[in-house]
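Protein chains in written order, with the working numbering: chain A, 3 to 123; chain B, 3 to 123; chain C, 3 to 123; chain D, 3 to 123; chain E, 3 to 123; chain F, 3 to 123; chain G, 3 to 123; chain H, 3 to 123; chain I, 3 to 123; chain J, 3 to 123.
Report on the structure given below.
10 protein chains.
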Amino acid sequence: MGANEFATDGTIDSFENQHPGRDYEIRFDAPEFTSVCPMTGQPDFGTITLVYVPEARCIELRSFKFYLQSFRERGIFYEDVVNVILDDVVAAIAPRRATVTGDFHARGGITARVTATHPQA
Amino acid sequence: MGANEFATDGTIDSFENQHPGRDYEIRFDAPEFTSVCPMTGQPDFGTITLVYVPEARCIELRSFKFYLQSFRERGIFYEDVVNVILDDVVAAIAPRRATVTGDFHARGGITARVTATHPQA
Amino acid sequence: MGANEFATDGTIDSFENQHPGRDYEIRFDAPEFTSVCPMTGQPDFGTITLVYVPEARCIELRSFKFYLQSFRERGIFYEDVVNVILDDVVAAIAPRRATVTGDFHARGGITARVTATHPQA
Amino acid sequence: MGANEFATDGTIDSFENQHPGRDYEIRFDAPEFTSVCPMTGQPDFGTITLVYVPEARCIELRSFKFYLQSFRERGIFYEDVVNVILDDVVAAIAPRRATVTGDFHARGGITARVTATHPQA
Amino acid sequence: MGANEFATDGTIDSFENQHPGRDYEIRFDAPEFTSVCPMTGQPDFGTITLVYVPEARCIELRSFKFYLQSFRERGIFYEDVVNVILDDVVAAIAPRRATVTGDFHARGGITARVTATHPQA
Amino acid sequence: MGANEFATDGTIDSFENQHPGRDYEIRFDAPEFTSVCPMTGQPDFGTITLVYVPEARCIELRSFKFYLQSFRERGIFYEDVVNVILDDVVAAIAPRRATVTGDFHARGGITARVTATHPQA
Amino acid sequence: MGANEFATDGTIDSFENQHPGRDYEIRFDAPEFTSVCPMTGQPDFGTITLVYVPEARCIELRSFKFYLQSFRERGIFYEDVVNVILDDVVAAIAPRRATVTGDFHARGGITARVTATHPQA
Amino acid sequence: MGANEFATDGTIDSFENQHPGRDYEIRFDAPEFTSVCPMTGQPDFGTITLVYVPEARCIELRSFKFYLQSFRERGIFYEDVVNVILDDVVAAIAPRRATVTGDFHARGGITARVTATHPQA
Amino acid sequence: MGANEFATDGTIDSFENQHPGRDYEIRFDAPEFTSVCPMTGQPDFGTITLVYVPEARCIELRSFKFYLQSFRERGIFYEDVVNVILDDVVAAIAPRRATVTGDFHARGGITARVTATHPQA
Amino acid sequence: MGANEFATDGTIDSFENQHPGRDYEIRFDAPEFTSVCPMTGQPDFGTITLVYVPEARCIELRSFKFYLQSFRERGIFYEDVVNVILDDVVAAIAPRRATVTGDFHARGGITARVTATHPQA
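Following this line, the structure appears as structure tokens:
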């Protein structure tokens, strides 16, 4: 079966949008995101939410899972996580609109949320 | 009694809107939606929400239940489920406005939501 | 005591708005609404919400309770319940604005919500 | 200590706004409001919410508590509770904007919410 | 390791915004805020929320934790807490936009929330 | 089809327990119960929960729905509702154990719950 | 109608238990309880829960509402509220078992719950 | 990789319990269960929960997923679903203890839960 | 007024139990507890719950608030906080039974709860 | 400061129990647990809960965090995760009693929970 036809190497794969005549919205919620704090070397945890309106291509969900897993060993700040994911999504599928949000677990008693949108309003 | 007068064959049946002079909104939430993933053959699950403003006709709720059940054995992607339902609703009753949302259960730790609206804003 | 001075016969009674110079909002939530399905003869259940801005008169709450109870034996569709209540409220007190929502329990696994507003936006 | 320097007699006391150059919002939620139904003599219960933007003066919280307690033995309708509190707040501190909401417990199975705003939009 | 390279003395430290070309939002929720009531000498408790869009610099989260801890022994009113934090954030990083909210625990049965935004709308 | 083979006249119908060798538990939650207060003539509302261990026979769910609907026009106190349902269940299927609970909506600001079990512990 | 046949003067009225052969449980939840703190003169608020197994008599719900209202102007400590209500219930209906719980709102940031049972275990 | 080494044909596969010296508990919650009502031919939905203490063998999770999917086209009553799953689990791994619960969606406004345990207490 | 007649110096004050003939339970929930971590010097936060059955004396609530505040500047481990409070309660009022629980906020992504009871079971 | 005096290498460190005369309970909830599925190589996620009664030694919380992090790259089944942690806790501090629970995220639509206790009941 074709379960292997999409990328599992951490790149965001895509398929053709079957409904390009309509401005419709797709949202993925990924509560199993984890990366590494570049200052302390400790793991960080959070939920990544992607909301986008496709143009010619849609993100293939399974490749997106592997893409998010590629952050598991990566030292990166919260602000960069969200901006990098947004940049990669835009590079992969050139959506009409896209917003990425990261909701990160409390550190020092403080939770953080970062949200970035393309294109600028 | 007339419980059988509407369709049970998977087509969306309708009745005459008794209040056409008013722009009012009808919403159905159907948490028992299930279809089949065309890539893996595994069942998918989700909640379909339809919100519409009727023009001349309203959707008959019981026929809509049978219509949604017609997806039970059908291999179809999330993005297509929502767009196909919206197309079928528009074809059946030509509403003033309609929005269909599909909230699908987590696969690979990621939940998906697709939303489409007619007509385009 | 004056507890009997308002209607208990199912008509919507009212009293004079003491603050007509101000556009203020009144909301009633009635989760004990029940009527009868005209197709199956089975009871339906739901919550009726009325939000309105009074003009010269306000709805007397106790009479509104009896008014809603008058649907208990009445065979009526969801779409009609909401539009009829809105019409009756408008006829009774001619409010500046009014919205009626009916949130009905699941039938066949699907819940329904109908919302109507006066005047049209 | 100065805990007694503000009013405890049921009048709304105030202090000078230290940040008059900024339009900022203050919200009080008071879930222990109780008054008396003028028709039945029975106690009513609810939550009063005040949201305002101060001009020259801010409401002193402790005096506001005593002010709300002054309704405890007072026979007054829901609609009047909210409008009277708004009038008294406006008279006491002349805020740039103020909204008062009363969420009252169910009577006869129906809950009521009244909301009033100054100045008119 | 560099865990000590940012301020721990109660000043708000910052680092360079790596994505200045994009208007993106950062939110911190700090539910462990405590200060002292200047009237009674009793401790106050609340949650401080900061939402901002960075310009050239971002707030370093750990220094912000120490900054909020500097209020622990400080006698200060709710209204001042929020305005002072907003002023200090603006002074530290000159953000494009910033909003500070303080949600304070009930005193005398009444909870308080204060919200201030920079710049004025 | 056999959908009509069980009672719809308000009697509790049953079918043969296919697993009599095992002590297993069946629970029905019916949140759409309504009867009439014999003192005021006003409708009462509540949720009826039945938990039982079958002996030779199980309760047919659809007939139980019609049985509960038979209370719709009946004047009966809360305490009696629960004891009568328990008696009728015991008479209909002689279960090994059964418990009936009624959770009734607030009247005069007070909610009531009545629970009865057969046989006595 | 007989709505007035039970006490409204603050005594706990009762009616004959129709099911004395069965040990069944009755629970009342009264979230609108208010009394006065005997030390500060300030109002206290809480929820009173009564759970009992009747012997010969059951508590009439409406008289219980008036009974609880009789505490509205009464200066009494939390510990006494619960013990006094339990004593009064026992005196009024001599139940097989009874438990009274009072859940009182936060004072000084601390909530209190008092629970007493008759007879002693 | 060995992802295919366990059954996908609807039988419950197992692996050797690595900790047989300890009485420990394993719980699976499967909210995507669906079967068919044998009386109406309509789909049923529910959550199956299995709690067991293994003896020599543990249930392989992926084969259990396929096992539950084998009910998708099967006409079967609620009471039978739970007893059949319990019997199949006992036959497959002979656990020290096992309990199966089925929480089924509302039909006719009534939800049902069936619970069976092996061995009998 | 007598609001000052009890201790405010951090000792647990008490008053005579008016119902010594009955084994009844008193519970205080104090969500505003804060102390200092003796290893890092950073503030800790948590909720302290005390449940006790009084013998001859009851804890005066206001003095208990001041007692808990005495931990505000104290360096102490979670395990000690709970045991020390229990010891102090036992020393102050010699209750029939007492349990102290501390629910502490996440540190390093892990929350901690400590529970101690007197006397030993 | 002594923040480094406990283990950070993945071993469970401990300190002397200051209250050995009392049977008290300590609970840690760690929602940031992640390991790797040995069959698919994909990351697993879950919450580990440890509840124990100390004998001579208590678990040092920070070393426990590092201990749990040592599973991050480890291929291990759910059943083994829980039993291994329990074994390691018992080996490290020989508690009077200890229970470990792992609540793992849904895989294939099914969540799993494993619970093990020492010593056997």
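Positions of the beta carbon are idealized from the N, C-alpha and C atoms, including for glycine.
Quick caveat, the model's predicted, so the values are computed rather than measured.
Taking 8 Å as the threshold, the shortest C-beta distance from residue 112 (chain C) to chain B falls below it. In this structure, DSSP gives residue 95 (chain J) a helical state, which the three-state scheme calls helix.
Shortest Cα-Cα distance from residue 44 (chain D) to any of G:71, G:40 and G:80 involves G:71. Contacts between residue 75 (chain E) and chain D, judged by CB atoms closer than 7 Å, are missing: the closest CB pair is about 17 Å apart. The residue among F:38, F:109 and F:66 with its C-alpha nearest the C-alpha of residue 78 (chain F) is F:38. The continuous stretches of alpha helix (DSSP H) do not include residue 76 (chain J), and DSSP gives it neither H nor E.
Residue 26 (chain H) carries a coil assignment under DSSP once its states are collapsed to helix, strand and coil. Distance from residue 113 (chain G) to residue 103 (chain G) at the Cβ level is roughly 13 Å; contact not present, criterion being Cβ atoms closer than 8 Å. Residue pairing by DSSP places residue 118 (chain G) opposite G:102 in a beta bridge.
Residues of chain C whose Cβ lies closer than 9 Å to the Cβ of residue 120 (chain H) do not exist, since the nearest Cβ in that chain is about 31 Å away. Residue 53 (chain A) sits close to residue 29 (chain A), with the two beta carbons spaced by under 8 Å. The alpha-carbon separation between residue 19 (chain I) and residue 101 (chain F) amounts to approximately 39 Å. Look at residue 87 (chain E) here: in three-state DSSP terms it is helix.
Residue 92 (chain G) and residue 120 (chain G) have their C-alpha atoms some 8 Å from each other. The C-alpha of residue 115 (chain A) is placed about 17 Å away from the C-alpha of residue 34 (chain E).
Listed along chain H are 26, 27, 28 and 29, each with a C-beta nearer than 8 Å to that of residue 116 (chain J). Unbroken beta strand (DSSP E) stretches of 3 residues or longer found wholly inside the region 35-64 of chain C: 45-55 and 59-61, given in chain order. With contacts defined by Cβ atoms closer than 8 Å, residue 36 (chain C) and residue 98 (chain C) do not form a contacting pair.
Rounded to the nearest angstrom, the gap between the Cα atoms of residue 21 (chain E) and residue 106 (chain I) is 37 Å. The secondary-structure analysis by DSSP pairs residue 17 (chain F) across a beta bridge with F:60. In the DSSP assignment, residue 113 (chain B) forms a beta bridge with A:31. Cβ-Cβ distances below 7 Å link residue 31 (chain B) to 49 and 51 in the same chain, with the five nearest sequence neighbours on each side left out; the list follows chain order. With respect to chain H, the C-beta atom of residue 109 (chain J) has a partner C-beta closer than 8 Å.
Interface flag for residue 13 (chain E) against chain I is unset, since no Cβ pair is found closer than 8 Å. Scanning I:80, I:64 and I:83 for the CA closest to the CA of residue 14 (chain I) turns up I:64. The beta-carbon distance between residue 8 (chain C) and residue 60 (chain C), rounded to whole angstroms, is 12 Å. This is too long to meet the 8 Å contact definition. Rounded to the nearest angstrom, the gap between the Cα atoms of residue 88 (chain H) and residue 26 (chain J) is 38 Å. Contacts between residue 20 (chain C) and chain D, judged by CB atoms closer than 9 Å, involve 79, 81, 82 and 85 in chain order. Around the beta-carbon of residue 12 (chain C), fewer than 16 other beta-carbon atoms lie within 10 Å, marking it exposed. Listed along the chain, the chain E residues whose CB falls inside 8 Å of the CB of residue 96 (chain D) amount to none; the nearest CB is some 17 Å away. Any Cβ of chain A closer than 8 Å to the Cβ of residue 10 (chain J) would place that residue at the interface, and such an atom is absent. When the five nearest sequence neighbours on each side are left out, the beta carbons in the same chain lying within less than 6 Å of the beta carbon of residue 84 (chain C) are those of 102, 104, 116 and 118, in order along the chain. Within chain I, the residues 34, 36, 71 and 74 have their CB atoms less than 8 Å from the CB of residue 45 (chain E), given in chain order.
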